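A.B. asks:
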Amino acid sequence: SQTIHQWPATLVQPVGSPLSLECTVEGTSNPNLYWYRQAAGRGLQLLFYSVGIGQISSEVPQNLSASRPQDRQFILSSKKLLLSDSGFYLCAWGEYSNQPQHFGDGTRLSIL
Amino acid sequence: AQKITQTQPGMFVQEKEAVTLDCTYDTSDPSYGLFWYKQPSSGEMIFLIYQGSYDQQNATEGRYSLNFQKARKSANLVISASQLGDSAMYFCAMTAGGTSYGKLTFGQGTILTVHP
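The listed protein sequences derive, respectively, from chains A and B.
Quick note on the numbering used here: the first sequence kicks off at 1 and runs consecutively.
Quick note on the numbering used here: the second sequence kicks off at 1001 and runs consecutively.
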C-alpha cells in the first residue's frame, strides 16, 4: 500500500533562516506531488505541484521554492524565512484528477 | 479558475442526528471532481467522499453522502447519525479540467461540533 511521510512535524525558525521540509512517498511510481499551506482556521492553498522529476510548477509568487530530485521525493525550501511564512504545510500525492489526494501529517512552522 | 464557497463557518449537531454541510462551486470546465475532506484537530486530512461531474447518482460512503445538484452548482455533504468523533473541520474541494493535474481548490472550511 502507498504511504506518505513528511517531516519534521513541528519547526520553530528565526526570521531570515533557511528552510527545508521533506516529503517522500512509498508504494507508487511517478505520482503527482503537491505542497499546500494552511493558515490558522483557513483552507488550504496550493503552493507547488510536480508531475515528474525536476518538473515544478508554482501557483503563487512567494518566498518559497520546491524541488523534486527523485521520483518520490518532494522538498520545500526557502533561503530566508519571513514572518508571513508561518503556517501548516501539507504535502500530498495523487495519480488522477478523479481520485483523492493523500496527505502527509503536515509540518507546523512557526517563525519568530 | 475554480472557486469553492463554504458559507457555514461553524455548525452544531446533536449526537445521532444528521447534519448537512454546504458547498457551492464555480467552474467553466464541464469536467470536474468534487471532494470532501475531514481535518481533526491533529491536522491530518482525511478523504471522505468524491463526486464526478458526469456521475448520474449521488455518491455515498457509509454515513457520508454527497447531495450533488449540478444545475445549482452545489455539492453538500450529509453526515447521518452524527458521532462525537465527527467533530472536526470539513473542507470541500474540487479539481477541474483534463490538464489540471489534479490540483485541488479548497473552500474555507466548516467547523462541525457534535454535542452529546
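For each residue, glycine too, the CB sits at the ideal point set by N, CA and C.
On a predicted model such as this, the values are computed, not experimentally measured, just so you know.
1. Got a sec: is the Cβ-Cβ distance from A:S97 to anything in chain B below 8 Å?
2. Buried or exposed: which applies to A:A92, given that a residue is buried once 16 or more other Cβ atoms fall within 10 Å of its Cβ?
3. Is the Cβ of B:M1045 closer than 8 Å to any Cβ of chain A?
4. Going by C-alpha to C-alpha distance, which of A:G106, A:I53, A:L47 sits closest to A:N63?
5. Taking DSSP's pairing of strands, which residues face B:Y1054 in a bridge?
6. Measure from the alpha carbon of A:F74 to the alpha carbon of each residue in A:Y49, A:P8, A:S110, then state which is nearest.
7. What residues of chain B sit near A:P8, judged by a beta carbon separation below 8 Å?
8. Return the residues of the segment 39-68 of chain A that lie within a Cβ-Cβ distance of less than 7 Å from chain B, sorted by chain order.
9. So is B:T1095 in contact with chain A if we call contact Cβ pairs under 8 Å?
10. In its own chain, which residues sit with a C-beta less than 7 Å from the C-beta of A:K79, not counting the 5 before and 5 after it?
11. Please identify, using Cβ separations under 7 Å, the residues of the segment 1002-1033 of chain B that lie next to chain A, in order along the chain.
12. Sort out for me which residues DSSP pairs B:M1089 with in a bridge.
13. Determine the closest residue to A:A39 out of A:Q101, A:G87, A:S97, A:L112, with distance taken between C-alpha atoms.
14. I want to see whether chain A comes within less than 8 Å of B:L1104, judged by CB atoms only; does it?
15. Should B:S1100 go down as buried or exposed, given a rule of 16 or more other Cβ atoms within 10 Å for buried?
16. In chain B, which residues lie with their C-beta within 7 Å of the C-beta of A:L90?
17. Check whether the segment 1010-1019 of chain B and the segment 1039-1047 of chain B touch, using three or more Cβ-Cβ pairs below 8 Å as the test.
18. Which residues in chain A have a C-beta closer than 8 Å to the C-beta of B:G1062? List them in chain order.
19. State buried or exposed for A:G52, treating a residue as buried only when at least 16 other CB atoms are found within 10 Å of its CB.
20. In the structure shown, what three-state DSSP assignment does B:L1077 receive?
21. Quick one: using the 10 Å Cβ neighbour count with 16 as the cut-off for buried, is B:H1115 buried or exposed?
C.D. replies: To lay it out plainly:
1. Judged by the 8 Å Cβ criterion, A:S97 is in contact with chain B.
2. A:A92 comes out buried.
3. Among the CB atoms of chain A, one or more fall inside 8 Å of the CB of B:M1045.
4. Taking only the C-alpha atoms, the option nearest A:N63 is A:L47.
5. According to DSSP, which records beta bridges pairwise, B:Y1054 is partnered with nothing at all.
6. Considering only alpha carbons, the answer is A:Y49.
7. Those within 8 Å of A:P8 in chain B number zero; the least Cβ separation is about 13 Å.
8. Per Cβ criterion, the list reads R42, G43, L44, L46, Y49, V51.
9. Judged by the 8 Å Cβ criterion, B:T1095 is in contact with chain A.
10. Cβ within range, chain order: P18.
11. Residues G1033.
12. Looking at the DSSP assignment, B:M1089 forms a beta bridge with B:Q1039, B:I1111.
13. Of the listed residues, the one whose Cα sits closest to A:A39 is A:G87.
14. B:L1104 counts as touching chain A.
15. B:S1100 counts as buried, since no fewer than 16 other beta carbons sit within 10 angstroms of its beta carbon.
16. Those are M1045, listed as they occur along chain B.
17. Not touching, per the Cβ criterion.
18. Going along chain A, no residue has its Cβ under 8 Å from B:G1062, so there is no contact; the nearest lies around 15 Å.
19. Its Cβ having fewer than 16 others within 10 Å, A:G52 is exposed.
20. In the structure shown, B:L1077 sits in a strand (DSSP, three-state: E or B).
21. Classification for B:H1115: exposed.
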